[in-house]
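Notes follow the structure.
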Amino acid sequence: MLLHIPGLFTREEVLRIREALEQTDWADGKLTAGYQSAKAKHNLQLPEGHPLAKEIGTAMLERLWSNPLFMSAALPHKVYPPLFNCYTAGGNFDFHIDNAVRQVKDTTERVRTDLSSTLFFSDPDDYDGGELIIQDTYGTQQVKLPAGDLVLYPGTSLHKVNAVTRGTRLASFFWTQSLVREDSQRALLFEMDTAIQHLTRDVPDHPSLVQLTGTYHNLLRRWVEV
Ligand code: NI
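So the sequence shown is residues 1 to 226, counted in our numbering.
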């Protein structure tokens with residue numbers, strides 16, 4: 001399942017974040033790549049633990065944790081601290097699958113990468129190329145979103161970033177370990193939760209809502225890992 005979550009940050013917030021990112025020092029993206037993906041990766045990245053990455057990352061996670069769409073679709077258990085990248089002057093990242101488990105720098109904390117997210121900080125008009133290409137069960141998807149918007153997709157998918165041939169593409173990406181590991185089970189719960197939300201809005205007093213909500217939680221209880 002691929003999900004677009006719009007407007008995590010307002011226009012003014014995006015401008016402030018972008019300005020800060022434009023003025024900071026970037027490092028070679030190969031530093032955080034595995035042996036194989038380093039050969040495919042040509043971009044810049046903020047070093048892990050960089051103060052600006054920590055500051056923006058914390059604000060991002062606060063927004064996500066209070067975003068009903070993200071909570072319902074991702075069912076997050078824990079999130080890897082957001083990383084930041086910059087693609088410019090032909091920068092690209094060829095097809096790869098992310099490592100299954102990431103260890104958080106300087107800790108013993110490990111995160112299984114059930115879900116990947118990219119939050120765009122540049123607008124589509126700011127650069128040419130730079131599309132995020134994701135191969136999922138329904139074919140190849142091409143993603144290039146307005147600044148402040150996020151895309152959520154399964155960590156199991158093959159993906160790449162097309163070369164940026166004009167301008168600069170600034171974005172953040174991170175992984176989420178979900179309470180529900182299987183994408184198909186998580187997608188089913190998300191559809192059911194969405195339907196329950198719509199019914200709660202349209203027919204709030206219908207007695208079957210209690211039953212349906214109970215069924216949702218009983219399915220979640222069956223599949224949840226904490
Ligand atoms: Ni990747």
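Heads up, the beta-carbon is just placed ideally off N, CA and C, and yes, glycines get one too.
For a quick check, are the C-beta atoms of residue i and residue j less than 8 Å apart?
i	j	result
F95	L158	yes
A147	S122	yes
D183	S72	no
L75	S208	no
D125	T165	no
L152	I5	yes
S313	L119	Given that the chain is displayed from residue 1 to residue 226, the structure contains no residue 313 and the question cannot be resolved.
I134	L2	yes
L46	L52	yes
K41	G49	no
Determine the burial state of residue i: buried for a count of at least 16 other Cβ atoms within 10 Å of its Cβ, exposed for fewer.
i	result
L83	buried
R186	buried
D106	exposed
H198	exposed
V226	exposed
G155	buried
H206	exposed
T168	buried
V203	exposed
T32	buried
V210	exposed
How is residue i classed by DSSP in three states: helix, strand or coil?
i	result
T243	This structure does not reach residue 243, given that the chain is present from 1 up to 226, and the question cannot be answered.
F190	helix
W175	strand
K54	helix
L21	helix
S184	helix
S37	helix
Y127	strand
K105	coil
A74	helix
S117	strand
K30	helix
V79	strand
T88	strand
D94	strand
Only counting the same chain, and skipping five residues up and downstream in sequence, which positions put a Cβ closer than 7 Å to that of residue i?
i	result
H217	none
L220	L189
V161	Y87, N92, F93, G130 and L132
V14	F121, A147 and G148
A20	L52
Excluding five sequence neighbours on each side, which residues of the same chain lie with their C-beta closer than 8 Å to the C-beta of residue i?
i	result
R102	Y80, R110, V111, T113 and W175
F38	It should be pointed out that residue 38 corresponds to Ala in this sequence rather than to Phe. Excluding sequence neighbours, A38 sits near K30.
Y35	none
R18	F121, S122, A147 and L170
K78	E109, V111, T176 and Q177
Under 6 Å Cβ to Cβ from residue i, same chain only, skipping five residues before and after it: list those, please.
i	result
A163	G90, N92 and G129
K144	P124 and E131
C86	W26, L44 and L170
L64	F70
L212	I196
L150	I5, L8, S117 and L119
Using 8 Å as the limit for Cβ to Cβ distance, is residue i near chain B?
i	result
R112	Absent here is chain B; the protein component of the structure consists of one chain.
Considering only heavy atoms of the ligand NI and the C-beta of each residue, which residues fall inside 6 Å, strictly closer? H96, D98 and H159
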